[in-house]
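Residue numbers (this note's numbering), protein chains in the order written: chain A, 1 to 112; chain B, 1 to 114.
Here it is in structure tokens:
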């Protein structure tokens, strides 16, 4: 069983809808939780970063971490065609030298 | 522009050939990482370095070697390429573990082994 599970999709939504993405994990030592956005044939770019539990909001993006359930979420409000990409969740433990454990990535398609 | 640069961007190798992938960063980052990305698998860590002259194994190190002779460069070597090493390779660097706003990925190297 993978340490981080993420539904690969694809997830297709109409423009303006809310996109809901999530990951589950099994390692209780994870403390840093990130969401990366990856456009086709590009490298991942950091979208949201959360330390420990709680919510974080940045514009149209909201990240949530529930450590008790080992579950993290990313919500994209008012989705745009430019949000079409693969979204990767990633996690790291405190003493892991910054090594990231990634989910498989969810492909999101926002249709005009 | 500051960032992480990978060379080459594309390469086709024959089984048994060798090659070196170069990762260069100009942000004075201590930590550098090599990942591979395969469909349905996400990114998996191959090797990493916590400073000049240091390297360590990641999750999938077999068939790869690395060197960090200069702080700004992290080299990934394939001594005898195999079709199973067909993948997209990403290099990343960070200022320090936990400072994720200062972590960056390169654009990737697409490697095909035939």
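For glycine and all other residues, C-beta sits at the position ideal for the given N, C-alpha and C.
C-alpha gap between residue i and residue j, whole angstroms
{"i": "residue 24 of chain B", "j": "residue 50 of chain B", "result": "15 Å"}
{"i": "residue 120 of chain A", "j": "residue 12 of chain B", "result": "Because chain A here runs from 1 to 112, residue 120 of chain A falls outside it and cannot be looked at."}
{"i": "residue 84 of chain A", "j": "residue 34 of chain A", "result": "18 Å"}
{"i": "residue 12 of chain A", "j": "residue 40 of chain B", "result": "18 Å"}
{"i": "residue 55 of chain B", "j": "residue 45 of chain A", "result": "24 Å"}
{"i": "residue 92 of chain A", "j": "residue 100 of chain A", "result": "5 Å"}
{"i": "residue 56 of chain A", "j": "residue 65 of chain A", "result": "9 Å"}
{"i": "residue 76 of chain B", "j": "residue 8 of chain B", "result": "12 Å"}
{"i": "residue 25 of chain A", "j": "residue 53 of chain A", "result": "14 Å"}
{"i": "residue 31 of chain A", "j": "residue 31 of chain B", "result": "19 Å"}
{"i": "residue 66 of chain B", "j": "residue 74 of chain B", "result": "7 Å"}
{"i": "residue 79 of chain A", "j": "residue 47 of chain B", "result": "36 Å"}
{"i": "residue 27 of chain A", "j": "residue 96 of chain B", "result": "22 Å"}
{"i": "residue 71 of chain A", "j": "residue 2 of chain A", "result": "14 Å"}
{"i": "residue 68 of chain B", "j": "residue 22 of chain B", "result": "10 Å"}
{"i": "residue 111 of chain B", "j": "residue 27 of chain B", "result": "26 Å"}
{"i": "residue 21 of chain A", "j": "residue 96 of chain A", "result": "25 Å"}
{"i": "residue 114 of chain A", "j": "residue 6 of chain A", "result": "Chain A is shown only over 1 to 112; residue 114 of chain A falls outside these bounds and no answer can be derived."}
{"i": "residue 81 of chain B", "j": "residue 57 of chain B", "result": "18 Å"}
{"i": "residue 123 of chain A", "j": "residue 58 of chain A", "result": "Any question about residue 123 of chain A goes unanswered here, given that chain A covers just 1 to 112."}
{"i": "residue 79 of chain B", "j": "residue 29 of chain B", "result": "27 Å"}
Residue i: CB within 7 Å of a non-hydrogen atom of the ligand ZN
{"i": "residue 35 of chain A", "result": "The ligand ZN is absent from the structure shown, which contains no ligands of any kind."}
Anticipated Cβ contact below 8 Å, residue i with residue j, distance rounded
{"i": "residue 105 of chain A", "j": "residue 8 of chain A", "result": "6 Å"}
{"i": "residue 89 of chain A", "j": "residue 4 of chain A", "result": "6 Å"}
{"i": "residue 108 of chain B", "j": "residue 5 of chain B", "result": "That belief does not hold up - the Cβ atoms of residue 108 of chain B and residue 5 of chain B are roughly 11 Å apart, past 8 Å."}
{"i": "residue 102 of chain A", "j": "residue 42 of chain B", "result": "4 Å"}
{"i": "residue 94 of chain B", "j": "residue 98 of chain A", "result": "5 Å"}
{"i": "residue 70 of chain B", "j": "residue 59 of chain B", "result": "Contact doesn't hold; Cβ gap of about 25 Å is too wide."}
{"i": "residue 63 of chain A", "j": "residue 48 of chain A", "result": "4 Å"}
{"i": "residue 87 of chain A", "j": "residue 37 of chain A", "result": "6 Å"}
CB contact check: residue i to chain A, cutoff 8 Å
{"i": "residue 12 of chain B", "result": "no"}
{"i": "residue 89 of chain B", "result": "no"}
{"i": "residue 78 of chain B", "result": "no"}
{"i": "residue 45 of chain B", "result": "yes"}
{"i": "residue 113 of chain B", "result": "no"}
Short CB-CB distance (under 8 Å) between residue i and chain B
{"i": "residue 79 of chain A", "result": "no"}
{"i": "residue 74 of chain A", "result": "no"}
Notebook entry, point to check: Of all the residues that make up the segment 53-66 of chain B, which are near chain A by a beta-carbon distance shorter than 9 Å?
Noted result: 56, 58, 59
Note to self: Counting only Cβ-Cβ distances shorter than 9 Å, please list the residues of the segment 91-109 of chain B near chain A, keeping chain order.
What the structure shows: 91, 92, 94, 96, 97, 98, 99, 100, 101, 103, 104, 105, 106, 107, 108
Note to self: Does the segment 70-87 of chain A come into contact with the segment 7-21 of chain B, if we say contact requires no fewer than three beta-carbon pairs (one atom in each stretch) closer than 8 Å?
What the structure shows: no
Margin query: When you compare the segment 29-36 of chain B with the segment 80-98 of chain B, are there three or more beta-carbon pairs, one atom per stretch, that lie closer than 8 Å?
Written below: yes
Notebook entry, point to check: Between the segment 18-41 of chain B and chain A, which residues of the former have a C-beta closer than 9 Å to a C-beta of the latter?
Noted result: 31, 33, 35, 37, 39, 40, 41
Margin query: Output needed in chain order: residues of the segment 38-50 of chain A with a Cβ under 8 Å from some Cβ in chain B.
Written below: 41, 42, 43, 44, 45, 46, 49
Notebook entry, point to check: Given a limit of 9 Å on CB to CB distance, which residues of the segment 96-111 of chain A reach chain B?
Noted result: 96, 97, 98, 99, 100, 101, 102, 103, 104, 105
Margin query: Short of 7 Å Cβ to Cβ, which residues in the segment 5-35 of chain A face chain B?
Written below: 8, 32, 34
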